[in-house]
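Okay, structure first, notes after.
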Amino acid sequence: MSNVAEVPILVGIGDINDRESKGREDAAEPLTLMLRAIGAAIQDTTLAPEAAQKLQSAIESIGVVANWTWPYPNAPGLLVQRLGLPGAVHTTESHHGGDSPGRLFDEAAQRVAYKKSKVAVVTGAEALASLEAFKKSKKFPPPHWTKLDDHTSIWDRERPEDLGTRHMLGAPIQVYPLYEAAFRAHLQQKLSDNHKESADLYADFAQVAAKSPFSWAHGQEPETSESIGTVTRRNRMICSPYPLLMNAFNTVNLAAACILTTTTFARELGIPESKWIYPLGGAGTSDSSRFWERPYFHASRSLSQSLDAALKVSEVRTEDIDLFDFYSCFPIVPKLAAHHLGLPLHGPKPLTVLGGLTSFGGAGNNYSMHAITEVARQLRTRKQSPKAQNGLVLANGGVLSYHHTVILSTQPRSDSGYPMWNPLPSHLDEDHPAIEEQAEGSGVIETYTVQFGRDGTPILGFVVGRLHPGPGKGGRFVANVQDAYTLQQLCSSAEQIGKQGLVTTEGGRNLFVFKPSKI
Numbered sequence: 001m002s003n004v005a006e007v008p009i010l011v012g013i014g015d016i017n018d019r020e021s022k023g024r025e026d027a028a029e030p031l032t033l034m035l036r037a038i039g040a041a042i043q044d045t046t047l048a049p050e051a052a053q054k055l056q057s058a059i060e061s062i063g064v065v066a067n068w069t070w071p072y073p074n075a076p077g078l079l080v081q082r083l084g085l086p087g088a089v090h091t092t093e094s095h096h097g098g099d100s101p102g103r104l105f106d107e108a109a110q111r112v113a114y115k116k117s118k119v120a121v122v123t124g125a126e127a128l129a130s131l132e133a134f135k136k137s138k139k140f141p142p143p144h145w146t147k148l149d150d151h152t153s154i155w156d157r158e159r160p161e162d163l164g165t166r167h168m169l170g171a172p173i174q175v176y177p178l179y180e181a182a183f184r185a186h187l188q189q190k191l192s193d194n195h196k197e198s199a200d201l202y203a204d205f206a207q208v209a210a211k212s213p214f215s216w217a218h219g220q221e222p223e224t225s226e227s228i229g230t231v232t233r234r235n236r237m238i239c240s241p242y243p244l245l246m247n248a249f250n251t252v253n254l255a256a257a258c259i260l261t262t263t264t265f266a267r268e269l270g271i272p273e274s275k276w277i278y279p280l281g282g283a284g285t286s287d288s289s290r291f292w293e294r295p296y297f298h299a300s301r302s303l304s305q306s307l308d309a310a311l312k313v314s315e316v317r318t319e320d321i322d323l324f325d326f327y328s329c330f331p332i333v334p335k336l337a338a339h340h341l342g343l344p345l346h347g348p349k350p351l352t353v354l355g356g357l358t359s360f361g362g363a364g365n366n367y368s369m370h371a372i373t374e375v376a377r378q379l380r381t382r383k384q385s386p387k388a389q390n391g392l393v394l395a396n397g398g399v400l401s402y403h404h405t406v407i408l409s410t411q412p413r414s415d416s417g418y419p420m421w422n423p424l425p426s427h428l429d430e431d432h433p434a435i436e437e438q439a440e441g442s443g444v445i446e447t448y449t450v451q452f453g454r455d456g457t458p459i460l461g462f463v464v465g466r467l468h469p470g471p472g473k474g475g476r477f478v479a480n481v482q483d484a485y486t487l488q489q490l491c492s493s494a495e496q497i498g499k500q501g502l503v504t505t506e507g508g509r510n511l512f513v514f515k516p517s518k519i
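Going letter by letter, the sequence shown gives residues 1 to 519 in full-length UniProt numbering.
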């Protein structure tokens, strides 16, 4: 590691907030927004035009975060064409997952460090706000956007049948609440205290987002703990315990880009050292995409291991980190990260530099790209400190399925060697109770949530539980709750985790009830 020839640095960052074109006939598509972000990142280096062109011409790697808005068959290839780069440029497009910015950034740093790319670009964009406006005005597909043979969104594609789909369970709005409930019970919190904790946390995040010019909520009055935590017609309950304002807001037009190169080439071009931010390392892994095939729900193995391994490979400790941004599509993600690292939710070091996916804006899979750019932006203001200033970004994807953590610094690694590879396996070993696809008998609730209709009434409950003989011994089941009495109990202010009921199979689904007579 100490013999590495090059030190990778982040030299250019660009963020685009395209709120102004929402609803306009010439509203930009994601490809255009990515090009704008790359242009902004080149401009951010402060190079004169000739040197800036030399930087652009030296791009040898482009990584693109897969977008939700417009499913290009080859987005990186289109960027190569638009930037006028040679066809030999290394290109990659991520899977669909919010961990992708962290993984692509880490891989770009590796390519630069080991002379596979002189200059690497990572970027991503969404234009979901404009897409929605085009659909509402019946101007779909937008005539000036890149022509596609298939416009089907990732969210509209049919999922293969499995235990989750048979129980109409698996969407992020349903699964993250299962983790919140399990974490709450693990900490022995009252439901009311847990709910206030989430509202207070997201109110802090809203204050951060309100100050960012790149935030979708910039210029708006930030939500308060009361407005976030109070269920109203505007802030209706989605899946307990999360009302709307505790869910990610994805209808945005946002883009971001990072440019990485070597200290050698940066000096040759004349990029000032005040712009240099050093990636120290990264780590990521994945848990089972089938959430019921995980060992527990009060914590996330992939989240915890990603954090621990990134800190270890970067040769820093939690107390050495000055800036954090924990992905926050729902409150449970930053809560789990903070709990694992021993950080207070409202300590001197905030848990976000952006403001979270509700207030800053979801940006599809690309949220954490904005976190990387903002951490770099803030670290630059701290470069005069004699002590290294460090920032950590945790990128999360799926339903607490995929995680990748990256760490950046004002100073280089002490050994000058960027890690050659991800220290974690791509997928964690399976570790879960036996799954009872067709469950019959007495069972105990491991975790649960209730989905609500637009009128505020509960429409369907979801229970993950264990058949007797008791927790830790019986097989795991997934079940629906339709019975009125049982739904009422699941919607009450009393904790239901650990309570016993009956489960039976009917029409291919498991049904859970508290009263045998209700089956």
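Backbone N, C-alpha and C fix where the C-beta goes; we use that ideal spot for every residue, glycine too. Please read all numbers here as calculations on a predicted model, not as lab measurements.
Legend entry - Integer Cβ distance of Gly284 from Arg103, believed to fall under 8 Å: 5 Å between Cβ atoms; contact.
Legend entry - Proximity winner among Ala28, Gly229, Gly98, Arg466, relative to Ser130 (alpha-carbon distances): Of Ala28, Gly229, Gly98, Arg466, the smallest CA-CA separation from Ser130 is found for Ala28.
Legend entry - Cα-Cα separation between Ser517 and Leu502, rounded to whole angstroms: Any reading at Ser517 needs caution, since the residue's pLDDT is 47, under 50, leaving its predicted position unreliable; the model's value is listed next. Rounded to the nearest angstrom, the two C-alpha atoms are 10 Å apart.
Inset, instruction - Pull up the distance between the alpha-carbon of Trp216 and that of Leu354, whole angstroms please. - result: Answer to the nearest angstrom: the Cα atoms are 11 Å apart.
Inset, instruction - Using only alpha-carbon positions, find the residue among Val481, Leu244, Gln438, Ser426 that is nearest to Thr447. - result: Out of Val481, Leu244, Gln438, Ser426, Val481 has the C-alpha closest to the C-alpha of Thr447.
Legend entry - Opposing strand residues paired with Leu392 [DSSP bridges]: In the DSSP assignment, Leu392 is bridged to Phe324, Ile407.
Legend entry - Same chain, Cβ closer than 6 Å to Ser100, five either side skipped, listed in chain order: The beta carbon of Ser100 sits closer than 6 Å to the beta carbons of Val65, Ser94, Asn365 from its chain, once the five residues preceding and following it are set aside; these are given in chain order.
Inset, instruction - Mind checking who Ser286 pairs with in its DSSP beta bridge? - result: DSSP, once it has assigned bridges, lists Tyr402, His427 as partnering Ser286.
Legend entry - Same chain, Cβ closer than 8 Å to Gly87, five either side skipped, listed in chain order: Excluding sequence neighbours, Gly87 sits near Val80.
Inset, instruction - Could you pull out every residue in the same chain whose Cβ sits closer than 7 Å to the Cβ of Ile519, ignoring the five residues on either side in sequence? - result: Here Ile519 scores only 45 on pLDDT, less than 50, and its place in the model should not be relied on; the value that follows carries that caveat. So the qualifying residues of the chain are Leu502, Thr504, Leu511, Val513.
Legend entry - Other residues of its chain near Ile173: CB distance less than 7 Å, five sequence neighbours each side excluded: Closer than 7 Å at the Cβ level, and outside the excluded window around Ile173, lie Ile238, Cys239, Asn247.
Legend entry - Own chain, CB closer than 7 Å to Thr261, minus 5 neighbours either side, in chain order: Within the same chain, Thr261 has close Cβ partners Ile9, Val11, Val112, Lys118, Val119.
Legend entry - Helix, strand or coil at Gly229 [DSSP, three-state]: Three-state DSSP puts Gly229 in a helix.
Inset, instruction - Classify Gly270 as buried or exposed, calling it buried when 16 or more other Cβ atoms lie within 10 Å of its own Cβ. - result: Gly270 is classed as exposed because its beta carbon has fewer than 16 other beta carbons within 10 Å across all chains shown.
Legend entry - Under the three-state DSSP convention, the category Ile459 falls into: Ile459: strand per DSSP, three-state reduction.
Inset, instruction - In the DSSP assignment, find the unbroken alpha helix (DSSP H) run with Tyr202 in it and report its ends. - result: Where Tyr202 is concerned, the enclosing alpha helix (DSSP H) stretches over 191-210.
Inset, instruction - State buried or exposed for Met1, treating a residue as buried only when at least 16 other CB atoms are found within 10 Å of its CB. - result: The predicted model places Met1 with a pLDDT of 38, which falls under 50 and marks its position as unreliable; any figure quoted below should be read in that light. Under the 10 Å beta carbon count, Met1 is surrounded by fewer than 16 other beta carbons and is classified as exposed.
Inset, instruction - Give me the Cβ distance between Val393 and Ala257, rounded to the nearest whole Å; I'm assuming they're in contact under 8 Å. - result: The Cβ separation is near 15 Å, so there is no contact.
Inset, instruction - Classify Gly77 as helix, strand or coil using the three-state DSSP reduction. - result: Gly77 falls in the helix class under three-state DSSP.
Legend entry - Boundaries of the alpha helix (DSSP H) in which residue 561 is found, first to last residue: Residue 561 lies beyond the residue range present for the chain, which begins at 1 and ends at 519; the question has no answer from this structure.
Inset, instruction - Identify, in the order they occur along the chain, each residue of the same chain with its Cβ nearer than 6 Å to the Cβ of Glu20, setting aside the five sequence neighbours on each side. - result: The same chain holds no residue with a CB closer than 6 Å to that of Glu20 once the five nearest residues on each side in sequence are set aside.
Inset, instruction - Output yes or no for whether 8 Å exceeds the beta carbon distance between Ala337 and Leu379. - result: Going by C-beta atoms, Ala337 is not nearer than 8 Å to Leu379.
Legend entry - Endpoints, the alpha helix (DSSP H) within which Thr381 is located: It is not in any alpha helix (DSSP H) - Thr381 carries neither H nor E in the DSSP assignment.
Legend entry - Beta carbon of Pro71 nearer than 8 Å to that of Thr152: Yes; because the gap between Cβ atoms is below 8 Å, this pair is in contact.
Legend entry - Arg482 in three-state terms, based on DSSP: The sequence shown places Gln at residue 482, rather than the Arg named in the question. Reduced to three states, the DSSP call for Gln482 is coil.
Inset, instruction - Would you kindly work out how many angstroms separate the C-alpha atoms of Gly77 and Ala125, rounded to a whole number? - result: Distance between the alpha carbons of Gly77 and Ala125 is about 15 Å.
Inset, instruction - Assuming Ala52 contacts Ile42 (C-beta within less than 8 Å), just tell me the rounded distance between them. - result: Correct: roughly 5 Å between the Cβ atoms.
Legend entry - Secondary structure of Pro516, DSSP reduced to three states: At Pro516, the pLDDT of 49 sits below 50, so the modelled position is not reliable and the matter cannot be decided from this model.
Inset, instruction - Tell me, please, whether the region 426-433 touches the region 293-302 by the rule of three or more beta-carbon pairs shorter than 8 Å. - result: Enough Cβ pairs lie closer than 8 Å, so yes.
Inset, instruction - Under 8 Å by Cβ, that's how I've got Phe214 and Asp15 pegged, so tell me the actual separation to the nearest angstrom. - result: Between Asp15 and Phe214 the Cβ distance is about 4 Å, and since that is below 8 Å, they are a contact.
Inset, instruction - Measuring alpha carbon to alpha carbon, tell me which of Gly461, Glu506, Gly498 ends up nearest Gln488. - result: Comparing Cα positions, the closest option is Gly461.
Legend entry - Alpha-carbon to alpha-carbon, Thr352 and Tyr296: In this model, Tyr296 and Thr352 are separated by some 26 Å (Cα to Cα).
Legend entry - DSSP state of Ile497 mapped onto helix, strand, coil: It is coil, neither helix nor strand.
Inset, instruction - Leaving aside the five residues before and after Val231 along the sequence, list all residues of the same chain whose C-beta is less than 7 Å from its C-beta, in chain order. - result: In chain order, Met237, Pro243 place their CB closer than 7 Å to the CB of Val231, counting only its own chain and leaving out the 5 sequence neighbours on each side.
Legend entry - Within 8 Å, strictly: CB atoms of Gly282 and Ala310: In this structure, the beta-carbon distance from Gly282 to Ala310 falls below 8 Å.
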